[in-house]
């Protein structure tokens with residue numbers, strides 16, 4: 002009887018976590034799908050390790066999307082669920098922006114790799130303190146036009162040479178922004194203006 006109760010508690014916990022993760026994934030997607038027709042591009046965000054990083058990237062990408070007239074999607078992992086929206090943006094000739102935070106930067110890079118397999122260009126890849134404990138060794142593929150590394154004081158000195166993370170330095174422009182006055186947890190909230198500025202300057206548009 003005790004074993005049955007123990008299994009029941011773990012089963013309940015598993016169902017709760019699955020439900021939480023799926024809801025975190027689909028909320029942003031449905032919002033984006035509704036707005037896709039009247040927007041000028043797509044921004045996708047992938048959160049860090051849950052539940053620790055919370056919904057910081059979802060909040061960031063929603064704000065950026067609203068200010069720059071982009072469709073928006075976000076998730077905690079599950080990077081492949083974003084491909085239908087990315088394909089739709091590509092078919093409409095819209096630019097694509099991807100944001101990855103902490104461990105979510107690895108998933109964001111996996112998403113970029115999936116885009117390359119379908120010959121889809123990613124205009125800007127934003128990586129915020131990428132990797133678990135700032136350990137990031139993923140290669141940025143050549144279908145990324147620009148990658149921006151945002152590094153807080155929590156990862157100080159780790160990304161001193163981001164060029165070595167590019168698969169083809171001739172195809173991808175890299176920028177490194179040292180934000181040592183911020184820590185890992187406060188990094189996303191301090192980047193809305195910077196990300197919006199790079200998106201708007203890259204598209205040749207001004208703020209709506």
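In the working numbering, the protein residues as written are 2 to 209. No residue lacks a Cβ here, since even glycine has one placed at the ideal position from N, Cα and C. Just so it is clear, the structure is predicted and the values come from calculations on it, not from any experiment.
Which term fits residue i, buried or exposed, when burial requires 16 or more other beta carbons within 10 angstroms of its beta carbon?
| i | result |
| --- | --- |
| residue 133 | exposed |
| residue 157 | exposed |
| residue 1 | Because the chain in this structure spans residues 2 to 209, residue 1 falls outside the shown range and cannot be described. |
| residue 54 | buried |
| residue 129 | buried |
| residue 66 | buried |
| residue 61 | buried |
| residue 131 | buried |
| residue 52 | exposed |
| residue 85 | exposed |
To the nearest whole angstrom, what separates the beta carbons of residue i and residue j, a pair I think is in contact under 8 Å?
| i | j | result |
| --- | --- | --- |
| residue 152 | residue 141 | The Cβ separation is near 15 Å, so there is no contact. |
| residue 74 | residue 107 | Rounded, the Cβ-Cβ distance is 18 Å, inconsistent with contact. |
| residue 91 | residue 121 | 5 Å |
| residue 145 | residue 173 | 5 Å |
| residue 71 | residue 42 | 5 Å |
| residue 223 | residue 193 | Since the first and last residues shown for the chain are 2 and 209, residue 223 lies out of range. |
Taking 7 Å as the limit between beta carbons, can you name the residues of its chain near residue i, skipping five residues before and five after?
| i | result |
| --- | --- |
| residue 69 | 197, 200 and 201 |
| residue 160 | 150, 152 and 177 |
| residue 179 | 152 |
| residue 170 | 164 |
| residue 26 | Because residue 26 carries a pLDDT of 43, less than 50, the predicted location of this residue cannot be relied on, and the following value inherits that uncertainty. So the qualifying residues of the chain are 76, 77, 79 and 82. |
| residue 189 | 57, 58, 61, 102 and 129 |
Over the uninterrupted alpha helix (DSSP H) stretch that includes residue i, give me the two end residues.
| i | result |
| --- | --- |
| residue 92 | 84-92 |
| residue 112 | 105-118 |
| residue 140 | Per DSSP, residue 140 belongs to no alpha helix (DSSP H) and is neither H nor E. |
In its own chain, which residues sit with a C-beta less than 8 Å from the C-beta of residue i, not counting the 5 before and 5 after it?
| i | result |
| --- | --- |
| residue 47 | 58, 75, 76, 77, 78, 80, 99, 100, 101, 102, 105, 106, 108, 109 and 112 |
| residue 168 | 140, 141, 142 and 143 |
| residue 182 | 154 |
| residue 123 | 97, 98, 99, 113, 116, 144, 145 and 146 |
Span of the beta strand (DSSP E) holding residue i?
| i | result |
| --- | --- |
| residue 190 | No beta strand (DSSP E) contains residue 190, which DSSP labels as neither H nor E. |
| residue 127 | 123-129 |
| residue 175 | 174-180 |
| residue 101 | 97-102 |
To which residues of the same chain is residue i closer than 6 Å at the C-beta, ignoring the five residues directly before and after it?
| i | result |
| --- | --- |
| residue 155 | 184 and 185 |
| residue 166 | 141 |
| residue 137 | 131 |
| residue 49 | 102, 103, 104 and 105 |
Handout entry: Sequence ranges, beta strand (DSSP E) only - wholly within the region 40-87, length at least 3
Key = Within the region 40-87, the complete beta strand (DSSP E) runs of at least 3 residues are 43-47 and 72-76.
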